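There are 2 protein chains.
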Amino acid sequence: MRAVAERLAVAPNAIYSHVASKTALIDDVLDQVLAEVAAPDPSARDDPGSGLQQLMTATHEVLLDHPDLVPLYLARQGARGPNAQRLGEIVLTLLAQAGVTGPAAREALRVLIVYTIGFAAFAGRLPFDGAGESPLATDELGRNFDHGLRWLLAGITSPSARTQSP
Amino acid sequence: MRAVAERLAVAPNAIYSHVASKTALIDDVLDQVLAEVAAPDPSARDDPGSGLQQLMTATHEVLLDHPDLVPLYLARQGARGPNAQRLGEIVLTLLAQAGVTGPAAREALRVLIVYTIGFAAFAGRLPFDGAGESPLATDELGRNFDHGLRWLLAGITSPSARTQSP
DNA sequence: ACCTGAACACCGTTCAAGT
DNA sequence: ACCTGAACACCGTTCAAGT
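Dropping the structure here:
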């Protein structure tokens, strides 16, 4: 708060005339960042799989553009503002087009969220990685995200997942 | 630090006779918690897929037993102590038994880590979830983790993943 | 080797008061 | 409506001093 106040050339407590608390401010900023995520191109509407790939990749990239925010994001256990909800509904729509509905769709949504935010949070330095390894390049990590997302989407939209009873 | 000191009935600064800093202390605790994760039953060694499922589930459960620690875990971008490395090597061994080696194995390892820690971090309250939804029960979230892990492992050990060039 | 008291440079937040 | 000064109850950490 004090750093924000300095950037605004204002006393720290002046912020509290506009925002209730630090966490409320963070929630506002998080949802505003999520507004930058563009909805997938409607021309790809006949291919919900690539629509999902596109949407989660866009979300991942937006989060990477704000690296300082992602830890706060996780500390707040994710955003729940209007833009977060908008993205969630788009994902559910695409999943439905891929034949995944009901409880399975909600599970898939959670899995995709955890995966995407988690990857953004660990960007650069990952645990369990060999000690002597050089730090990962950003593009290499991006390919890794892409690869894992493909695995996930393949599993989510596979016939066994669609027909499997919960 | 001050809370830890109080639990030890000691002055706050006394801790600095034993630990260099707060982050060093957190790293130590994190790796000690990871020591609780049991290696998968060797009797299942002929089925690396279920070994991986077993190991990641065990890790997930250990993290859930220490919910206060997981956010710190993420803030520290994961542990890199001896126990973390031990788990990473076990995963790589199981992946090799499943036919996944080289760069693809390292990618799979990262994906599994992100997924497991991410799910533990979001235990209970997830973003993008419908606003009016009731909070998830722990067992329900556990089933969700299990389900997603199955999707992931299916994708990782699928023939297309094994033969796909990076 | 292990602890203490005092202090430093921070935090987020509140409250009364000003315009 | 928006800001300020002063203060409160916190932090992690350091340093000199004690045993």
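One line per chain: the protein sequences are A and B, in this order.
Read in our numbering, the first sequence has 133 at position 142, and its numbers run on one by one without any break.
Read in our numbering, the second sequence has 134 at position 143, and its numbers run on one by one without any break.
By construction, the Cβ of each residue, glycine as well, lies at the ideal position given by its N, Cα and C atoms.
Note that the structure is a prediction, hence the values are computed from the model and not measured.
*Proximal chain B residues relative to A:L65, where beta-carbon distance stays under 7 Å*: P62, L65 and A112
_Quick check on B:R101 - is its C-beta less than 8 Å from some C-beta in chain A?_
yes
*asked:* For A:I108, would you say it is in contact with chain B, using Cβ-to-Cβ distances shorter than 8 Å as the test?
replied: yes
*In chain A, which residues lie with their C-beta within 7 Å of the C-beta of B:H138?*
E98
_In chain order, what are the residue ranges of uninterrupted alpha helix (DSSP H) at least 4 long that sit wholly in the stretch 59 to 137 of chain A?_
60 to 66, 73 to 88 and 93 to 112
*Can you round the beta-carbon distance between B:A111 and B:H51 to whole angstroms, since I take them to be within the 8 Å contact cut?*
6 Å
*First and last residue of the alpha helix (DSSP H) that includes A:S41?*
P39 to L55
*Cβ shell of A:R141 (< 6 Å), same chain only, five flanking positions each side left out*: none
*Is B:F113 closer than 8 Å to A:G79 when the C-beta atoms are compared?*
no
*C-alpha gap between A:P3 and A:A(-4), whole angstroms*: 5 Å
_Starting from B:T148, trace the alpha helix (DSSP H) in both directions and tell me its first and last residue._
That residue, B:T148, is in no alpha helix (DSSP H); it is neither H nor E in DSSP.
*Going by beta carbon distance, what residues of the same chain come within less than 6 Å of B:I104, once the five residues before and after it are set aside?*
none
*Residues of chain B with a CB under 7 Å from the CB of A:L143: which are they?*
W142, L143 and G146
*asked:* Measuring only the C-alpha atoms, how far is A:A89 from B:A29?
replied: 38 Å
*If you measure from the beta carbon of B:G69 to each beta carbon in chain A, is any gap under 8 Å?*
yes
*With respect to the alpha helix (DSSP H) encompassing B:D22, which residues constitute its N-terminal and C-terminal limits?*
K13 to L25
*Helix, strand or coil for B:T154 per DSSP?*
Bear in mind that the predicted position of B:T154 carries a pLDDT of just 45, short of 50, making it unreliable; the figure below should be weighed with that in mind. Of the three classes helix, strand and coil, the one that applies to B:T154 here is helix, per DSSP.
*How would you write the range of the alpha helix (DSSP H) that A:A(-4) sits in, first residue to last?*
R(-7) to R(-2)
*asked:* I'd like to know whether the C-beta atoms of B:L143 and B:V102 end up nearer to each other than 8 Å.
replied: yes
*Taking B:N74 and B:A11 to be in contact with their CB atoms under 8 Å, please state how far apart those CB atoms are, rounded to whole angstroms.*
With a Cβ gap of about 20 Å, B:N74 and B:A11 do not count as contacting.
_In whole angstroms, give me the CA-to-CA distance for B:R97 and A:S8._
50 Å
*Quick one: what does DSSP say A:A29 is sitting in, helix, strand or coil?*
coil
*B:V105 CB to nearest chain A CB: under 8 Å?*
yes
*Using 10 angstroms around the beta-carbon of B:G139, count the other beta-carbons present and answer buried if the total reaches 16, otherwise exposed.*
buried
_DSSP-derived helix/strand/coil call for A:A2_ = coil
*Neighbour-count burial assignment, A:L(-1), 16 or more Cβ in a 10 Å radius*: exposed
*Determine the burial state of B:V91: buried for a count of at least 16 other Cβ atoms within 10 Å of its Cβ, exposed for fewer.*
buried
*Taking all protein chains shown into account, decide if A:R(-7) is buried (16 or more other Cβ within 10 angstroms of its Cβ) or exposed.*
exposed
_Please classify A:V1 as buried or exposed, where buried requires at least 16 other C-beta atoms within 10 Å of its C-beta._
exposed
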